[in-house]
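Presented below is the structure to which this report refers.
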Amino acid sequence: MLGKKFGQSKKPVISGPIGFEHRVHTKFDAETQQFLDLPAQWVALVNNESNRRAPIVDPSRVTDVEAAKSKMIIRGSTSAQSRDVADFAGGGGIGQGGAGQARLSVALSNAYHHQQPRETLVEESRFQQQPPAKAAPQFLMQQRQLQNHQFNQQQQQQQQFVDQRPPPSYQIYQQQRTMDQQQQSRALSESQPPSSPPGQWNQPASSGSASLAASSVTAASVANRNRPLRQSTASTSDSNRHQPVRAVSSPAYRLSQQQMQMQQPHQFIPQQQQPSLAMDLAARLEQQLNAAAASAQAARSLTHEQFRSALERVVVPEDPRLFLDMQGFVKIGEGSTSQVLLTRDRRTSRQVAVKMMDLRKQQRRELLFNEVVIMRDYPHPCIVEMYGSYLVDDELWVLMEYMPGGALTDIVTNKNIRLDDCQIATICQPVLQALSFLHSNGVIHRDIKSDSILFCRTGHVKLSDFGFCAQVSPELPRRKSLVGTPYWMAPELIARSPYGTEVDVWSLGVMIVEMIDGEPPYFNEAPVQAMRRIRDQQAPRLQFSRPVPPELADFLGRTMARDPKQRATADELLRHPFIARFASPDVGCLLQLLSR
Ligand SMILES: Nc1ncnc2c1ncn2[C@@H]1O[C@H](COP(=O)(O)OP(=O)(O)OP(=O)(O)O)[C@@H](O)[C@H]1O
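UniProt numbering numbers the first residue of the sequence shown as 1 and each following residue consecutively.
The structure is reproduced here in structure tokens:
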């Protein structure tokens, strides 16, 4: 305009990019149908649906969301699958190993050591519908709307199923359970579990073995690394798959002073002074549940607000939005109960991973206590460090160490990468150290799989995802809940036998199979079928897509002994010749994995 005014018509000169740096070059391999050289955050998103294996919880112990009758919700599964997997739960688990135990959540039973088992069925409360969070960033709001829609659809599907179920009185519930058990025994009329010699690892059969066939990598299983239990939630992940990076670039988030003033003042209970506070609160919760069980009406009386205020007392009583860079959120992962975002803590300038869990969308909301307690109370160099947990509206936010190398799943499912013995041993060693530490403290992880192993920038690995932990103690030495991710579950857990820390060692064995073959045994089968095989057949034969040294074969045999008494402990495995010979102290061999 000025130019025109003064009779000049000079165009502005726009320079080319200055200081340009080509740091990321991604490709798509048409043959393998995979993206190559993606940054770790993108890998987590692009492969989200294909690489995630959703864990399940005992269907008898999910928190009722809409219908008090429902006992059959399985995380991320269709209702039909729910019913199938529910069969493994023996129709509810009540009365198995103590009725009280059966109704206790992990968090509750963490405080259960000195309690007597109850004989009363405790109906957990319904969630109460809450208004959407007020001060969330716009992209989170959009995601929530999408998720709410999908969640409601899922609930409707489940409701269609549960509507056919009888009313929730304890007697009728027991009758139903008996019927379910009869149906189950009819449906599972295959032969009883064979006895397998202790510690025997089945080497690959020459041909034709059923289990070998089951674990072979078929074209279908390669092309479609489906996670059947996540089918009903696939649409959420699908949308993510097509939008790999959700950087928040819009100025949508503006923390309203008004909204901040509306926040209720918290009861201050300094988190660091309360190592067992969550347990105490869990005990109180259990008391409430006991009291609630006194009458059928009261049994459903633990409201969302009551639960929220119990959780509020174990988290840090601050609003993390005041010190997190709310403009800089980038989604780096998604689990069946959470979204994980990367941002910066403005107080320390360090990057932090924020795991966000909606209280209203948990099947067993009591398990959220684990998310707060385990990483906080059991710090260890091989466990992802937690910086703090916060309640933000109706979400639990757990701030933790950012692990830029992503999950081991991203590596094992990459067909261009096959881990060698050194890499496998170097990954197993810190996982075993973490397990040894947890087990010595009576904590069972219950969801050991490649998804739970995260890489630091330095190549070190750490254990994460403690949402399914359970505590054992001299008073309560064994657990019975059906919790875990099907293909990784130990036979005794599926068989509903009382189990202990040995289940983690079995799952570690399955994770080693992932590292060798790219997927766990039976992965081309439906979860229920895989669970039957794990429960009823000898330890799965390994396809061994490459020759393995005798130390590794023996190591696997010690982890996947069907009899938990014959299974090695984490401590024993740390001293195993496979670790002694192959584990690299400087993790140099793992850095290669991250750079690919
Ligand atoms: N600290 C972290 N740093 C980097 N990425 C992370 C971190 N924590 C989690 N993630 C990513 O987010 C994903 C989901 O996290 P996580 O497994 O804890 O969620 P979840 O809801 O408990 O999952 P699951 O379905 O196994 O229960 C992980 O697989 C990983 O890719």
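We put the beta carbon where it would ideally sit given N, CA and C, even for glycine.
Note that this is a predicted model, so its numbers are computed, not measured.
Between the options, which has its C-alpha nearest residue i's C-alpha?
{"i": "Pro-55", "options": "Cys-469, Asp-345 and Lys-331", "result": "Cys-469"}
{"i": "Pro-527", "options": "Asp-563, Trp-488 and Leu-556", "result": "Trp-488"}
{"i": "Ser-450", "options": "Val-483, Gly-509 and Met-386", "result": "Gly-509"}
{"i": "His-460", "options": "Ile-448, Val-330, Ala-583 and Ala-561", "result": "Ala-583"}
{"i": "Asp-325", "options": "Thr-343, Ser-473 and Gly-518", "result": "Thr-343"}
{"i": "Gly-484", "options": "Trp-506, Met-386, Ser-473 and Val-472", "result": "Trp-506"}
{"i": "Leu-482", "options": "Met-531, Gly-442 and Glu-525", "result": "Met-531"}
{"i": "Ser-452", "options": "Gln-327, Met-403 and Ala-570", "result": "Met-403"}
{"i": "Pro-320", "options": "Val-354, Asp-586, Glu-334 and Glu-305", "result": "Val-354"}
{"i": "Ala-310", "options": "Phe-369, Lys-415, Ser-349 and Asn-524", "result": "Phe-369"}
{"i": "Pro-430", "options": "Arg-446, Tyr-499, Leu-463 and Ile-512", "result": "Leu-463"}
{"i": "Asp-377", "options": "Phe-466, Thr-501 and Phe-329", "result": "Phe-466"}
{"i": "Ile-579", "options": "Gln-351, Cys-422 and Gln-529", "result": "Cys-422"}
{"i": "Ser-497", "options": "Arg-478, Val-513, His-445 and Met-511", "result": "Arg-478"}
{"i": "Lys-415", "options": "Gly-405, Ala-570, Pro-12 and Ser-545", "result": "Ser-545"}
{"i": "Val-443", "options": "Ile-417, Ala-425 and Val-472", "result": "Val-472"}
{"i": "Ile-448", "options": "Thr-501, Gly-405, Glu-401 and His-25", "result": "Thr-501"}
{"i": "Met-386", "options": "Glu-519, Glu-401 and Leu-590", "result": "Glu-401"}
{"i": "Arg-541", "options": "Phe-28, Leu-590 and Tyr-522", "result": "Tyr-522"}
{"i": "Ala-539", "options": "Ile-18, Glu-492 and Ile-14", "result": "Glu-492"}
{"i": "Pro-564", "options": "Leu-590, Pro-585 and Ile-494", "result": "Ile-494"}
{"i": "Arg-533", "options": "Pro-486, Glu-334 and Ala-553", "result": "Pro-486"}
Between residue i and the rest of its own chain, which residues show a CB-CB distance below 6 Å, the 5 nearest in sequence each way excluded?
{"i": "Ser-389", "result": "Val-315, Val-372 and Val-398"}
{"i": "Ala-490", "result": "Val-503 and Trp-506"}
{"i": "Leu-408", "result": "Ser-450 and Ile-453"}
So, for residue i: in the same chain, excluding its five sequence neighbours on each side, which residues have a beta-carbon less than 8 Å away from its beta-carbon?
{"i": "Leu-419", "result": "Ile-411, Val-412, Ile-427, Met-515, Ile-516 and Leu-593"}
{"i": "Glu-572", "result": "Arg-558"}
{"i": "Leu-591", "result": "Thr-458 and Gly-459"}
What are the partner residues of residue i, as DSSP defines its beta bridges?
{"i": "Ile-453", "result": "Leu-463"}
{"i": "Gln-339", "result": "Glu-334 and Met-356"}
{"i": "Gln-351", "result": "Arg-344"}
{"i": "Val-443", "result": "Gln-471"}
{"i": "Arg-479", "result": "Tyr-499"}
{"i": "Leu-324", "result": "Asp-345"}
Given this structure, state the Cα-to-Cα distance separating residue i from residue j, to the nearest angstrom.
{"i": "Met-356", "j": "Val-340", "result": "6 Å"}
{"i": "Pro-547", "j": "Lys-331", "result": "39 Å"}
{"i": "Pro-549", "j": "Gly-588", "result": "21 Å"}
{"i": "Arg-535", "j": "Arg-364", "result": "25 Å"}
{"i": "Ser-349", "j": "Gly-328", "result": "12 Å"}
{"i": "Gln-433", "j": "Ile-383", "result": "9 Å"}
{"i": "Arg-558", "j": "Thr-569", "result": "9 Å"}
{"i": "Arg-581", "j": "Ile-512", "result": "16 Å"}
{"i": "Ser-436", "j": "Ala-425", "result": "16 Å"}
{"i": "Gly-405", "j": "Lys-11", "result": "46 Å"}
{"i": "Ile-374", "j": "His-380", "result": "11 Å"}
{"i": "Arg-308", "j": "Arg-346", "result": "27 Å"}
{"i": "Ile-417", "j": "Ile-14", "result": "44 Å"}
{"i": "Thr-458", "j": "Phe-323", "result": "27 Å"}
{"i": "Glu-519", "j": "Ile-18", "result": "45 Å"}
{"i": "Val-352", "j": "Gln-529", "result": "39 Å"}
{"i": "Gln-537", "j": "Lys-480", "result": "20 Å"}
{"i": "Asp-586", "j": "Gly-16", "result": "43 Å"}
{"i": "Arg-575", "j": "Leu-556", "result": "14 Å"}
{"i": "Gln-362", "j": "Tyr-499", "result": "24 Å"}
{"i": "Phe-455", "j": "Thr-26", "result": "21 Å"}
{"i": "Glu-366", "j": "Leu-391", "result": "14 Å"}
{"i": "Phe-28", "j": "Arg-360", "result": "39 Å"}
{"i": "Ser-250", "j": "Ser-595", "result": "Unreliable placement is indicated for Ser-250, whose pLDDT of 28 sits below 50; the coordinate value is still reported in the next sentence. Looking at the two C-alpha atoms, the distance is approximately 32 Å."}
Ordered along the chain, which non-local residues of its own chain (more than five positions away) have a Cβ less than 7 Å from that of residue i?
{"i": "His-266", "result": "Caution is warranted here: a pLDDT of 30 is assigned to His-266, below 50, making its placement in the model unreliable, and the coordinate value is therefore given only provisionally. Glu-312 and Pro-317."}
{"i": "Asp-358", "result": "Asp-394 and Glu-395"}
{"i": "Asn-441", "result": "Tyr-378"}
{"i": "Leu-438", "result": "Tyr-378 and His-445"}
{"i": "Pro-577", "result": "Glu-551"}
{"i": "Ser-338", "result": "Lys-355, Met-356 and Met-357"}
{"i": "Phe-20", "result": "none"}
Legend entry - Complete runs of the alpha helix (DSSP H) confined to the region 486-571 [at least 4 residues]: 491-494, 502-517, 527-536 and 550-559
Inset, instruction - Output the residue ranges of the alpha helix (DSSP H) runs that lie fully inside the region 360-437 and measure 4 residues or longer, sorted by chain position. - result: 368-377 and 408-412
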